Structures are given as C-alpha cells and as structure tokens.
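Worksheet: one structure, shown below.
In the working numbering, the protein residues as written are 707 to 876.
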C-alpha cells in the first residue's frame with residue numbers, strides 16, 4: 707500500500723511574497739476607513755501620471771449614504787491630498803483625472819474630486835525603474851501591432867505593456 711507523501715508542514719504551495727500578505731491585511735482596513743484598496747494607491751502613478759502623482763495622494767472615497775437598497779447608485783467624491791503649489795494644475799486636469807479613475811474602476815465610481823492641500827512627501831523608489839530591453843524584431847512586431855491604435859494614451863499604455871511582455875529575460 708503506497709502512501710502519497712505529505713507536503714512539509716501541511717502547506718500546499720511555496721512561499722508567499724510579503725507584499726501579498728501585507729495587502730491581505732491592509733486592504734480590509736483601507737476599504738473600511740478610506741473606501742478604496744491598496745491597488746488604487748499603488749496604481750496612482752498610472753492613473754494620474756507621474757507629474758500629478760509626485761504632488762498628490764488619494765486619501766479616501768466618500769460614498770453618499772443610501773437610505774435603502776432601492777436607492778439609485780450615486781458616484782463617490784475622491785478626496786485627494788495635493789501640494790498647494792500644484793493644486794491649480796490638478797484642478798485644471800480634474801475632468802480628465804476623473805475619467806481615468808473611472809476607467810481604472812471600470813464604471814462611473816467617482817464624479818467629483820475634493821482637494822485637501824498639504825505637503826506631500828515623495829515616494830522613494832529603492833531602485834529606479836529600468837527600461838526593459840526588447841529585441842529589434844519584437845519591437846518591430848509591437849510597433850506593427852500598435853499602428854491601428856488612434857488614442858495616444860492608449861497606445862503608450864499598450865506599448866509599455868508590450869515591452870514588458872516582449873522584453874528579454876521575462
């Protein structure tokens with residue numbers, strides 16, 4: 707009678723990255739207190755762009771109260787901490803930022819931004835982001851795939867993703 711070997715310690719998989727464990731612990735707290743997830747905070751640069759991200763941070767989503775389940779859905783107000791010197795630029799781009807936030811969520815989740823002016827400590831990256839090397843053949847293929855994309859923002863986002871997919875060592 708052969709027995710299948712038990713996995714050590716009863717675990718079914720390998721090591722879990724610390725970031726995943728921290729996200730699992732923090733996400734419920736952030737959702738409860740701020741109405742958003744760590745994913746949105748971590749994706750802030752991709753949502754608003756590097757210039758705005760250097761001078762702002764999402765703080766919380768204020769969802770309107772519903773008296774009952776039959777009430778119609780109403781979008782939230784996103785409270786954003788923003789440096790005073792950059793607030794005018796951020797406000798000027800607010801409609802485009804709201805559109806990008808809603809694209810991130812996949813539905814009209816936000817209809818207003820509320821700016822809270824305060825100093826922002828820039829996030830320090832341990833290592834600068836390195837541009838991934840793509841072979842000339844793969845770069846030509848990527849360029850040909852993106853020729854039909856008219857929207858420059860979408861094309862840039864797809865090119866970044868394509869560089870990650872086609873890069874050497876991935």
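In this text, a Cβ means the ideal position worked out from N, Cα and C, and glycines have one as well.
Computed from a predicted model, the values in this text were never measured in an experiment.
For residue i, does the count of other Cβ atoms within 10 angstroms reach 16, so buried, or fall short, so exposed?
| i | result |
| --- | --- |
| residue 764 | buried |
| residue 754 | buried |
| residue 871 | exposed |
| residue 840 | buried |
| residue 813 | exposed |
| residue 798 | exposed |
| residue 796 | buried |
Could you tell me the alpha carbon to alpha carbon distance between residue i and residue j, rounded to whole angstroms?
| i | j | result |
| --- | --- | --- |
| residue 817 | residue 856 | 26 Å |
| residue 760 | residue 783 | 21 Å |
| residue 826 | residue 746 | 17 Å |
| residue 807 | residue 821 | 15 Å |
Across which residues does DSSP place residue i in a beta bridge pair?
| i | result |
| --- | --- |
| residue 860 | According to DSSP, residue 860 bridges with nothing at all. |
| residue 784 | 767, 819 |
| residue 762 | 788 |
Quick check on DSSP: helix, strand or coil for residue i?
| i | result |
| --- | --- |
| residue 816 | strand |
| residue 871 | helix |
| residue 841 | coil |
| residue 799 | coil |
| residue 754 | helix |
| residue 851 | helix |
| residue 775 | coil |
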